[in-house]
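Colleague: Before we start, here is the structure in question, set down as structure tokens.
There are 2 protein chains.
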Amino acid sequence: MTTSLYDITVPVLLRGLGNLEAVLGKGEAFASEQGIAPSALLEARLAPDMYPLVGQIQRASDTAKFAAVRLGGVENVPFEDAETDFADLFARIAKTRAFLEAAPRAAFEGKEDAEVVLKTPSSERRFRGVDYALGFLLPNFFFHVTTAYDILRHKGVPIGKLDYLGRD
Amino acid sequence: MTTSLYDITVPVLLRGLGNLEAVLGKGEAFASEQGIAPSALLEARLAPDMYPLVGQIQRASDTAKFAAVRLGGVENVPFEDAETDFADLFARIAKTRAFLEAAPRAAFEGKEDAEVVLKTPSSERRFRGVDYALGFLLPNFFFHVTTAYDILRHKGVPIGKLDYLGRD
Numbered sequence: 000m001t002t003s004l005y006d007i008t009v010p011v012l013l014r015g016l017g018n019l020e021a022v023l024g025k026g027e028a029f030a031s032e033q034g035i036a037p038s039a040l041l042e043a044r045l046a047p048d049m050y051p052l053v054g055q056i057q058r059a060s061d062t063a064k065f066a067a068v069r070l071g072g073v074e075n076v077p078f079e080d081a082e083t084d085f086a087d088l089f090a091r092i093a094k095t096r097a098f099l100e101a102a103p104r105a106a107f108e109g110k111e112d113a114e115v116v117l118k119t120p121s122s123e124r125r126f127r128g129v130d131y132a133l134g135f136l137l138p139n140f141f142f143h144v145t146t147a148y149d150i151l152r153h154k155g156v157p158i159g160k161l162d163y164l165g166r167d
Numbered sequence: 000m001t002t003s004l005y006d007i008t009v010p011v012l013l014r015g016l017g018n019l020e021a022v023l024g025k026g027e028a029f030a031s032e033q034g035i036a037p038s039a040l041l042e043a044r045l046a047p048d049m050y051p052l053v054g055q056i057q058r059a060s061d062t063a064k065f066a067a068v069r070l071g072g073v074e075n076v077p078f079e080d081a082e083t084d085f086a087d088l089f090a091r092i093a094k095t096r097a098f099l100e101a102a103p104r105a106a107f108e109g110k111e112d113a114e115v116v117l118k119t120p121s122s123e124r125r126f127r128g129v130d131y132a133l134g135f136l137l138p139n140f141f142f143h144v145t146t147a148y149d150i151l152r153h154k155g156v157p158i159g160k161l162d163y164l165g166r167d
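Protein sequences appear in the order of chains A and B.
Quick note: the first sequence, position 160, residue 159 per numbering that gives the first Met the number 0, numbers continuous.
Quick note: the second sequence, position 12, residue 11 per numbering that gives the first Met the number 0, numbers continuous.
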């Protein structure tokens, strides 16, 4: 018995996006209850050269979306990074989930050994599909979801590990 | 083509522990270069009721170790949580890696559907083996590795995403 590349990625990302949405909802409620400007959370960051909360969610979204593009062969649809409030971020998460949900399971079949190339202006990295999934995609996705959580915790939002992990 | 439960967990955790060790090494070097007391990093935390850096590393260690216990049937060896300096933390990471490396690949075979029970004083959660691996173990492990990174970044340590992800 073994596990498909689809099951290693898509359901894990969908679960993480759902948990991120719940954590973000608690942040929005906290700002409202405490009379804090939403921007005080949305623009908060842990270091001057790290992404703020908005950017962490944009990067979690893109990381998840690219699972479907790079492993499932789905054509990329660029997301604009124009979010400025909580409603925009919930919409971003929702469209990311919809993008992933539309990726056909069959398209991931046999892609464990397919080459994935990540290009940046300064470098190019090549992975086997499954190594990309387990050594880059999931660690990077959980990095941004965790850092979003850490920013909210740092700002006093009452959330706990089970909000991050999910309760069922 | 599909992926074994061993390959979904053990090599991923070993890679993450190696990256955590590298990030921690940059923290130690930074404290030394800047004349900062090591405890100013080791006891730093992002919220009053979150674990400090030491605790994040202890929890990453235990989370990784329990992959071998809960999925590979290896007998647990309790680790004491007595670390107080960087050398102790490097030793903790090293013994966690050795514990995982000793877990036999064959012991994970067919455990995708085996029940994993997580007991806490207040609750009990039951998972299929593969759901535990992908829905609890890996998210929780990357949570603690990321939060260790975030604490060091927050304290000014010059690390970047490639330190967290690894460069090869």
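Backbone N, C-alpha and C define an ideal beta-carbon position, used for all residues, glycine too.
Hey, out of A:Asp87, A:Leu164, A:Asp61, A:Ser38, whose CA is closest to Val76 of chain A's CA?
Modeller: In the first sequence, residue 76 of chain A corresponds to position 77, counting from 1. Selected option, being the one with the closest Cα: A:Asp61.
Colleague: At least one CB of chain A closer than 9 Å to the CB of Glu95 of chain B: is that the case?
Modeller: Working through the second sequence from its first residue, we reach residue 95 of chain B at position 96. The sequence given here has Thr at residue 95 of chain B, not Glu. Taking Cβ atoms only, chain A never reaches closer than 9 Å to Thr95 of chain B, which makes this a no.
Colleague: Under a three-way DSSP split, which group does Thr83 of chain A fall into?
Modeller: Residue 83 of chain A sits at position 84 when you count from the first residue of the first sequence. Here Thr83 of chain A sits in coil by DSSP.
Colleague: If you check the beta carbons only, do Leu88 of chain B and Val53 of chain B fall under 9 Å apart?
Modeller: To locate residue 88 of chain B, count along the second sequence from 1; it is residue 89. To locate residue 53 of chain B, count along the second sequence from 1; it is residue 54. Closer than 9 Å, so yes.
Colleague: My output table needs one value for Arg172 of chain B: the three-state DSSP class, helix, strand or coil.
Modeller: Because chain B here runs from 0 to 167, residue 172 of chain B falls outside it and cannot be looked at.
Colleague: Which whole runs of the alpha helix (DSSP H) in the region 9-57 of chain A are 4 residues long or more, in chain order?
Modeller: The region 9-57 of chain A contains these whole alpha helix (DSSP H) runs: 37-41.
Colleague: When you compare only the Cα positions, how much space is there between Thr1 of chain A and Ile7 of chain B?
Modeller: To locate residue 1 of chain A, count along the first sequence from 1; it is residue 2. To locate residue 7 of chain B, count along the second sequence from 1; it is residue 8. Cα to Cα, Thr1 of chain A sits roughly 10 Å from Ile7 of chain B.
Colleague: If you drop the 5 nearest sequence neighbours on each side, which residues of the same chain put their C-beta closer than 7 Å to that of Arg104 of chain A?
Modeller: By one-based count along the first sequence, residue 104 of chain A stands at place 105. So the qualifying residues of the chain are Tyr5.
Colleague: Name the chain A residues whose beta carbon is nearer than 9 Å to that of Ser3 of chain B?
Modeller: Within the second sequence, numbered from 1, the residue matching residue 3 of chain B stands at position 4. Within 9 Å Cβ-Cβ: Met0, Thr1, Thr2.
Colleague: At the level of alpha carbons, what is the spacing between Leu45 of chain B and Arg127 of chain B?
Modeller: The residue you call residue 45 of chain B lines up with position 46 of the second sequence. The residue you call residue 127 of chain B lines up with position 128 of the second sequence. Cα-Cα distance, rounded: 33 Å.
Colleague: Is it the case that the region 27-43 of chain A contacts the region 132-146 of chain B, given that we only count it when at least three CB pairs across the two stretches are under 8 Å?
Modeller: With the cut-off at 8 Å, the region 132-146 of chain B and the region 27-43 of chain A do not touch.
Colleague: Alpha carbons only, please: which of B:Ile92, B:Val73, B:Leu161, B:Arg69 is nearest the one belonging to Glu218 of chain B?
Modeller: Since the displayed chain B opens at 0 and closes at 167, residue 218 of chain B lies outside it and no answer follows.
Colleague: By Cβ distance below 7 Å, which residues in the same chain neighbour Leu12 of chain A in space, the five residues on each side in sequence not counted?
Modeller: The residue you call residue 12 of chain A lines up with position 13 of the first sequence. Answer for Leu12 of chain A: Ala63, Ala66, Leu99, Phe140, listed in chain order.
Colleague: In three-state DSSP terms, what is Arg166 of chain B?
Modeller: Counted from its first residue, the second sequence places residue 166 of chain B at position 167. DSSP places Arg166 of chain B in coil when its eight states are reduced to three.
Colleague: So if I threshold CB-CB distances at 7 Å, which residues from the region 126-145 of chain B count as touching chain A?
Modeller: Those residues of the region 126-145 of chain B that come within reach of chain A (Cβ to Cβ, closer than 7 Å) are Val129, Leu133, Gly134, Phe135, Leu137, Pro138, Asn139, Phe141, Phe142, Thr145.
Colleague: Of the choices A:Arg14, A:Ala30, A:Glu82, whose alpha-carbon is the least far from that of Lys154 of chain A?
Modeller: Within the first sequence, numbered from 1, the residue matching residue 154 of chain A stands at position 155. Per the Cα distances, A:Ala30.
Colleague: Using a Cβ-Cβ cut-off of 6 Å (strictly less than) and excluding sequence neighbours within five positions of Glu111 of chain A, which residues of its own chain qualify?
Modeller: The residue given as residue 111 of chain A occupies position 112 in the first sequence. The residues are Leu4, Gly128, Val129.
Colleague: Using a Cβ cut-off of 9 Å (strictly closer), state whether Leu23 of chain B contacts chain A.
Modeller: Here residue 23 of chain B corresponds to residue number 24 of the second sequence, with the count starting at 1. Not one chain A Cβ lies under 9 Å of Leu23 of chain B.
Colleague: Secondary structure at Thr1 of chain A, three-state DSSP: helix, strand or coil?
Modeller: Position 2 of the first sequence, counted from the start, is the residue given in the question as residue 1 of chain A. If DSSP states are grouped into helix, strand and coil, Thr1 of chain A belongs with coil.
Colleague: Can you list, in chain order, the residues of its chain with a C-beta nearer than 7 Å to that of Arg152 of chain A? Leave out the 5 residues immediately preceding and following it.
Modeller: The sequence position of residue 152 of chain A within the first sequence is 153, counting from 1. Cβ neighbours of Arg152 of chain A beyond the five flanking positions: Ile158.
Colleague: Using 10 angstroms around the beta-carbon of Thr95 of chain A, count the other beta-carbons present and answer buried if the total reaches 16, otherwise exposed.
Modeller: Numbered from 1 along the first sequence, position 96 holds the residue referred to as residue 95 of chain A. Buried.
Colleague: Using a beta-carbon distance below 9 Å, is Leu40 of chain B in contact with chain A?
Modeller: One-based indexing of the second sequence puts residue 40 of chain B at position 41. So no, Leu40 of chain B is outside the interface.
Colleague: Along the chain, where does the beta strand (DSSP E) that runs through Arg127 of chain A open and close?
Modeller: In the first sequence, residue 127 of chain A corresponds to position 128, counting from 1. Start and end: 122-127.
Colleague: By alpha-carbon positions, which one of A:Pro51, A:Arg14, A:Val9 ends up nearest to Arg166 of chain A?
Modeller: The residue given as residue 166 of chain A occupies position 167 in the first sequence. The candidate whose alpha carbon is nearest that of Arg166 of chain A is A:Arg14.
Colleague: Mind checking if Asp6 of chain B is an interface residue toward chain A, Cβ cutoff 9 Å exclusive?
Modeller: Translated into positions along the second sequence, residue 6 of chain B becomes position 7. Yes, its Cβ sits closer than 9 Å to a Cβ of chain A.
Colleague: Taking 9 Å as the threshold (C-beta atoms), are Leu164 of chain B and Pro138 of chain A in contact?
Modeller: Taking the first residue of the first sequence as position 1, residue 138 of chain A is located at position 139. Taking the first residue of the second sequence as position 1, residue 164 of chain B is located at position 165. Result yes, Cβ atoms of Pro138 of chain A and Leu164 of chain B sit closer than 9 Å.
Colleague: With DSSP as the reference, label Lys118 of chain B as helix, strand or coil.
Modeller: Sequence index remark: in the second sequence, residue 118 of chain B carries index 119 (1-based). Note: Lys118 of chain B maps to strand in three-state DSSP.
Colleague: Compare the C-beta of Asp61 of chain B with all C-beta atoms of chain A and state if any pair is closer than 9 Å.
Modeller: Reading the second sequence from its first residue, position 62 is the one you call residue 61 of chain B. For Asp61 of chain B, the answer is no, since every Cβ of chain A falls outside 9 Å of its Cβ.
Colleague: Please list, in chain order, the chain A residues whose beta carbon lies closer than 9 Å to that of Val11 of chain B.
Modeller: To locate residue 11 of chain B, count along the second sequence from 1; it is residue 12. Those within 9 Å of Val11 of chain B in chain A are Leu133, Gly134, Leu137, Pro138.
Colleague: Assuming Arg124 of chain A contacts Leu133 of chain A under a Cβ cut-off of 8 Å, what Cβ separation, rounded to an integer in Å, is found between them?
Modeller: Within the first sequence, numbered from 1, the residue matching residue 124 of chain A stands at position 125. Within the first sequence, numbered from 1, the residue matching residue 133 of chain A stands at position 134. Wrong, their Cβ atoms sit about 15 Å apart, outside the cutoff.
Colleague: If contacts are defined as beta-carbon pairs under 8 Å, then Ala147 of chain A and Ile35 of chain A qualify, I think. What distance do you get, rounded to the angstrom?
Modeller: The count along the first sequence starts at 1 and reaches residue 147 of chain A at position 148. The count along the first sequence starts at 1 and reaches residue 35 of chain A at position 36. At roughly 17 Å, the Cβ-Cβ gap does not stay under 8 Å, so Ala147 of chain A and Ile35 of chain A are not in contact.
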